[in-house]
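There are 2 protein chains.
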Amino acid sequence: MDKPNSEQFESTEQRIFEAAHELFTLKGMAGAKMQEIADRAGINKALLHYYYRSKEKLFEAVVKAVIRKVMPKFLQILESELPLLEKLEHFVDTYIDVIRQNPFVPLFVISEMNKHPDRFFDEIVPKDLPRLDFFYKQVEEAVATGLIRPVAPRHLVINAFSLCVFPIIARPMARIILGISAEEMNQFLDERKKEVKSFLLHAIRP
Amino acid sequence: MDKPNSEQFESTEQRIFEAAHELFTLKGMAGAKMQEIADRAGINKALLHYYYRSKEKLFEAVVKAVIRKVMPKFLQILESELPLLEKLEHFVDTYIDVIRQNPFVPLFVISEMNKHPDRFFDEIVPKDLPRLDFFYKQVEEAVATGLIRPVAPRHLVINAFSLCVFPIIARPMARIILGISAEEMNQFLDERKKEVKSFLLHAIRP
DNA sequence: GTCTATATTCCGATAGAC
DNA sequence: GTCTATCGGAATATAGAC
Numbered sequence: 001m002d003k004p005n006s007e008q009f010e011s012t013e014q015r016i017f018e019a020a021h022e023l024f025t026l027k028g029m030a031g032a033k034m035q036e037i038a039d040r041a042g043i044n045k046a047l048l049h050y051y052y053r054s055k056e057k058l059f060e061a062v063v064k065a066v067i068r069k070v071m072p073k074f075l076q077i078l079e080s081e082l083p084l085l086e087k088l089e090h091f092v093d094t095y096i097d098v099i100r101q102n103p104f105v106p107l108f109v110i111s112e113m114n115k116h117p118d119r120f121f122d123e124i125v126p127k128d129l130p131r132l133d134f135f136y137k138q139v140e141e142a143v144a145t146g147l148i149r150p151v152a153p154r155h156l157v158i159n160a161f162s163l164c165v166f167p168i169i170a171r172p173m174a175r176i177i178l179g180i181s182a183e184e185m186n187q188f189l190d191e192r193k194k195e196v197k198s199f200l201l202h203a204i205r206p
Numbered sequence: 207m208d209k210p211n212s213e214q215f216e217s218t219e220q221r222i223f224e225a226a227h228e229l230f231t232l233k234g235m236a237g238a239k240m241q242e243i244a245d246r247a248g249i250n251k252a253l254l255h256y257y258y259r260s261k262e263k264l265f266e267a268v269v270k271a272v273i274r275k276v277m278p279k280f281l282q283i284l285e286s287e288l289p290l291l292e293k294l295e296h297f298v299d300t301y302i303d304v305i306r307q308n309p310f311v312p313l314f315v316i317s318e319m320n321k322h323p324d325r326f327f328d329e330i331v332p333k334d335l336p337r338l339d340f341f342y343k344q345v346e347e348a349v350a351t352g353l354i355r356p357v358a359p360r361h362l363v364i365n366a367f368s369l370c371v372f373p374i375i376a377r378p379m380a381r382i383i384l385g386i387s388a389e390e391m392n393q394f395l396d397e398r399k400k401e402v403k404s405f406l407l408h409a410i411r412p
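If you read the protein sequences in the order shown, they are chains X and G.
Residue numbers for the first sequence follow the numbering used here, beginning at 1 and rising by one.
Residue numbers for the second sequence follow the numbering used here, beginning at 207 and rising by one.
So this is what it looks like as structure tokens:
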């Protein structure tokens, strides 16, 4: 269907996007160069401008896609119909899995959000993001019935995110803090799902 | 003692360093420009090269200073002689305070560590960093005496760091997750010290 | 030590042939 | 749609006067 180039199963535009995604998440907006992106996509620099008008636009496209893909996913888990404790376990399991597979994405998003906070709130974050109303209600009910001790629902959410994300995005720093080898660090992260679930559930038990 | 310039109480070299510190932590190596740094230091671009040979060297100086100043500080708290539970509370209190005053430093360190992990382990991280041997022993004893439930000491350390650091460095993201205003986010972070301490201590109680 | 002026390299963007 | 060639500006770095 396409040009008979050996590896050209995806469209050029798609290949550009993927190369840009990889390099932007790795090096940030200023650090990634158009030439590099073109090289990785296996095309010429001029084509970048043909498909996306400017570096700025290309960057925006990547940021927007990442945000719109990642953010709703985890909020939806929290808003699902699962019972509270299973839900928290499910959240930890899937979240840690996804982040370990894409370790640079969260740090990229956090960095860029800090550099241009206004842009994100005005343009990039989808207006229809799930809110956590159901989750909050579920927590309050669990407190009322004595299933868990009294906890502030918002802090519980952020605690769950923190415990999952931080050790992975700050992996080299964690290695230094713990004073362990790369090998041991891998093992440490392998234990992480079990440990975080245990920690979370113990923290909120009555 | 110096030139009688109105604001020149610190040496030029120092002013350059501080300007560089500010801009590098804010924008990263690629994002900060030499011209900007010179402007903020109130001197000429050429002087940057007189004191520090290149942008690369200036950047290294900043990174090295930040790491060597910040990292030992918190490890020392964990290695202090305080009883375990008070120590954890003290750690949370001071750590959250410091990070809220310098919200960009941890993210900067984490980002740069991810970009050049080897450099850090080889050159930048001080060889005499405190190790957490005493802390680990203290945790094991607390488990043995029944003061706390059985927990993996390393995960406890990283959990404490995660809960303190993440919400502050990922502040805009946290705002989006929680769907709250800037005002409410401030209040949320004000509650944070209390909530983290409570969460940590509940998580490890027998 | 500090400045102005300039060299040099790099990078984003465009023109124009195919 | 894709390429080569090139422009124009920005950023790092140096030369040289004071």
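For every residue, glycine included, the Cβ atom is placed at its ideal position computed from N, Cα and C.
For clarity, every value in this text was computed on a predicted model and none was experimentally measured.
query	result
Closer than 9 Å to chain G by CB, L132 (chain X)	yes
Interface positions of the region 339-372 of chain G facing chain X (Cβ-Cβ less than 8 Å), listed along the chain	R355, V357, A358, R360, H361, V363, I364, N365, F367, S368, L369, V371, F372
Test: P83 (chain X) CB closer than 9 Å to a CB of chain G	no
Backbone CA spacing between A236 (chain G) and I410 (chain G) [nearest angstrom]	43 Å
Range covered by the alpha helix (DSSP H) that runs through H322 (chain G)	Note, H322 (chain G): premise wrong, no alpha helix (DSSP H); not H, not E.
Near-chain G residues of the region 168-185 of chain X (beta-carbon distance less than 7 Å), N- to C-terminal order	I169, A170, P172, M173, A174, I176, I177, L178, G179
9 Å Cβ cutoff met for F310 (chain G) and L369 (chain G)	no
Of the listed residues X:G42, X:D93, X:E36, X:L23, nearest to F9 (chain X) (C-alpha basis)	X:G42
Same chain only: Cβ atoms within 7 Å of Y136 (chain X), ignoring 5 sequence neighbours per side	P153
Beta carbon proximity, S111 (chain X) to chain G, threshold 9 Å	yes
Close beta carbons around V139 (chain X), own chain, < 6 Å, minus the five adjacent residues each side	P153
Contacts that V125 (chain X) makes with chain G (C-beta to C-beta distance below 9 Å)	I382
Three-state class that DSSP yields for N44 (chain X) in the structure shown	coil
Reduced DSSP secondary structure (H/G/I, E/B, other) of A226 (chain G)	helix
Secondary structure of S217 (chain G), DSSP reduced to three states	coil
M71 (chain X) at chain G interface by Cβ criterion, 9 Å	yes
Residue from X:A170, X:E183, X:P106, X:E89 whose Cα sits closest to the Cα of A380 (chain G)	X:P106
Length of the line joining the Cα atoms of K279 (chain G) and R53 (chain X)	48 Å
Span of the alpha helix (DSSP H) around D128 (chain X)	It is not in any alpha helix (DSSP H) - D128 (chain X) carries neither H nor E in the DSSP assignment.
Cross-chain neighbours of H408 (chain G) in chain X, by beta carbon under 9 Å	R149, V151, H202, A203, I204, R205
Cβ-Cβ separation, L132 (chain X) to L75 (chain X) (assumed contact under 8 Å), whole Å	7 Å
Inter-residue CB distance, F314 (chain G) and T231 (chain G) (contact presumed, cutoff 8 Å)	4 Å
Any C-beta of chain G under 9 Å from that of A38 (chain X)	no
Length of the line joining the Cα atoms of F17 (chain X) and E389 (chain G)	36 Å
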